[in-house]
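Input: a single structure, listed below in structure tokens.
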Amino acid sequence: MLKLKRGYLDLRGHQVWSASGKTLGKKSGPVLLMHGGLSSTESWDYTVIPAVQRTHKIFAYDRCAHGRTASREGFYHF
199 MLKLKRGYLD LRGHQVWSAS GKTLGKKSGP VLLMHGGLSS TESWDYTVIP AVQRTHKIFA
259 YDRCAHGRTA SREGFYHF
């Protein structure tokens with residue numbers, strides 16, 4: 199498994215935790231991983247990411263008030 203690039207993205211002043219990584223094999227389209235409630239990007243570290251990364255570029259992020267992304271005032275859309 200390749201190491202993922204992890205860090206915060208600034209989305210209109212809100213810091214959103216994200217992870218992205220290149221594919222290990224033949225290039226295919228990107229895959230966006232969106233976690234469910236009460237979860238975070240870390241839930242895929244040893245399961246989904248190693249399998250999907252063999253054939254696809256990966257992008258994942260922690261939704262507002264989940265994982266390393268803080269909650270924010272107002273609506274939860276960007």
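Residue numbering for the sequence shown follows the working numbering, beginning at 199 and increasing consecutively. Quick reminder that beta carbons are idealized off the backbone N, C-alpha and C, glycines included.
Looking at the backbone, the Cα of residue 251 and that of residue 214 are separated by about 22 Å. When the Cα atoms are used, residue 269 and residue 207 turn out to be separated by approximately 15 Å.
DSSP lists 217 as the bridge partner or partners of residue 204.
Separation of the CB atoms of residue 238 and residue 265 is rounded to 3 Å, and the pair is thereby assigned contact status at 8 Å. Between the C-alpha atoms of residue 229 and residue 259 there is a straight-line separation of about 12 Å.
Taking C-beta separations shorter than 8 Å and ignoring five residues to either side along the sequence, the partners of residue 241 in its chain run 233, following chain order.
Rounded to whole angstroms, the gap between the alpha carbons of residue 261 and residue 271 is 14 Å.
With contacts defined by Cβ atoms closer than 9 Å, residue 221 and residue 256 form a contacting pair.
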